[in-house]
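Undergrad: Input: one structure, supplied below.
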Amino acid sequence: MRLLRPAVKPDMLTGDDRLFIRTAARGIVLQGENILLLYTARYDDYSLPGGGIDDGEEAIQGLIRELREETGAADVTDIQPYGQYDEYRPWHKPGYDWVLMRSLCYRCELVGELGEPQLESHELQNGMHPVWMNIHEAIRHNEAIIAGSDKKGQSIDRETFLLKLIVSELLD
396 MRLLRPAVKP DMLTGDDRLF IRTAARGIVL QGENILLLYT ARYDDYSLPG
446 GGIDDGEEAI QGLIRELREE TGAADVTDIQ PYGQYDEYRP WHKPGYDWVL
496 MRSLCYRCEL VGELGEPQLE SHELQNGMHP VWMNIHEAIR HNEAIIAGSD
546 KKGQSIDRET FLLKLIVSEL LD
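Structure follows, in structure tokens:
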């Protein structure tokens, strides 16, 4: 899979730091200029659906499971690798100082209508729900949040970069 944006180790990261590597699968589902996204009220932002790949799970299996859980997608087809986005972040869980968040992004199609999402409790508490959104509007919205909101979540820079790349490479 091609590397869309390489992770640059922060200057603060030393050889003694404990690094956790988290791999996620994210779906790019387009219908013209509309894209299937997740809106999260807590951060007031839009992101690609997807999430962490479970232990023993292949990336494609994780993608299909995450799309089903987060959007209610019952039949995911024509799955094609798009690219990998790597980023380092400080990590808040015990035993680690940093996380390398590796996002494996896939283009895919959905057959049929979306069903009922099966969101996790923290996703529900954050006000997450799937939406079909014009990709240009989603970019403008995220850029406004980046420029001037104290609600900004950690993933908005990644998501906005990916949305802009999708426009430049995948829209006719």
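Read in the working numbering, the sequence shown has 567 at position 172, and its numbers run on one by one without any break. Glycine included, each C-beta is placed from N, C-alpha and C at the ideal position. For clarity, every value in this text was computed on a predicted model and none was experimentally measured.
1) So TYR480 packs on TRP493, CB below 8 Å; how close in whole Å?
2) Apart from the five residues on each side of it in sequence, which residues of its chain come closer than 8 Å, Cβ to Cβ, to GLY507?
3) Compare the C-alpha of HIS487 against each of ILE561, LEU414 and PRO401 and name the closest.
4) Leaving out five residues before and five after ASP411 in sequence, what residues of the same chain have Cβ atoms less than 8 Å from its Cβ?
5) Measuring straight from C-alpha to C-alpha, what distance separates ALA539 and VAL562?
6) Tell me, please, which residues DSSP counts as bridged to ALA420.
7) Identify, in the order they occur along the chain, each residue of the same chain with its Cβ nearer than 8 Å to the Cβ of GLU515, setting aside the five sequence neighbours on each side.
8) Can you check DSSP and say which residues form a bridge with ASN529?
9) How is GLU452 classed by DSSP in three states: helix, strand or coil?
10) Since LEU432 and ALA542 are thought to touch, with beta carbons under 8 Å apart, how far apart are those beta carbons, to the nearest angstrom?
11) Specify, as a first and last residue, the run of the alpha helix (DSSP H) that VAL557 falls within.
12) Beta strand (DSSP E) containing LEU398: first to last residue?
13) Report the partner residues of VAL506 according to the DSSP bridge assignment.
14) Quick check: what's the CA-CA separation for MET396 versus TYR477?
TA: According to the structure shown:
1) Reading the sequence shown from its first residue, position 85 is the one you call residue 480. Reading the sequence shown from its first residue, position 98 is the one you call residue 493. Contact flag wrong, Cβ pair sits at about 16 Å.
2) The residue given as residue 507 occupies position 112 in the sequence shown. Contacts found: ALA469 and ASP470.
3) The residue labelled residue 487 in the question sits at position 92 within the sequence shown. Ranking the options by Cα distance to HIS487, first place goes to LEU414.
4) Numbered from 1 along the sequence shown, position 16 holds the residue referred to as residue 411. Excluding residues within five positions, none has a Cβ falling inside 8 Å.
5) Sequence index remark: in the sequence shown, residue 539 carries index 144 (1-based). Sequence index remark: in the sequence shown, residue 562 carries index 167 (1-based). Taking the straight line joining both Cα atoms gives about 18 Å.
6) Position 25 of the sequence shown, counted from the first residue, corresponds to residue 420. Bridge partners of ALA420: GLY446 and LEU499.
7) Here residue 515 refers to the residue found at position 120 when the sequence shown is read from its first residue. Taking GLU515 as the centre and dropping the five residues before and after it, the same chain places the C-beta of GLU464 closer than 8 Å to its C-beta, in chain order.
8) Here residue 529 is taken as the residue at index 134 of the sequence shown, counted from 1. Looking at the DSSP assignment, ASN529 forms a beta bridge with ASN429.
9) Counting from one through the sequence shown, the residue named residue 452 turns up at place 57. Looking at GLU452 - three-state DSSP - the assignment turns out to be coil, as it is neither helix nor strand.
10) Stepping through the sequence shown from its first residue, residue 432 is reached at position 37. Stepping through the sequence shown from its first residue, residue 542 is reached at position 147. Actually they do not touch by this definition, with Cβ atoms about 19 Å apart.
11) Here residue 557 corresponds to residue number 162 of the sequence shown, with the count starting at 1. The amino acid at residue 557 is misidentified as Val; the sequence shows Leu. Element bounds for LEU557: 551-565.
12) Taking the sequence shown and counting its residues from 1, the one referred to as residue 398 is at position 3. Here the beta strand (DSSP E) through LEU398 covers 398-400.
13) On the sequence shown, residue 506 is found 111 positions in, with the first residue counted as 1. In DSSP, VAL506 forms no bridge with anything.
14) The sequence position of residue 396 within the sequence shown is 1, counting from 1. The sequence position of residue 477 within the sequence shown is 82, counting from 1. For MET396 and TYR477, the distance between alpha carbons rounds to 7 Å.
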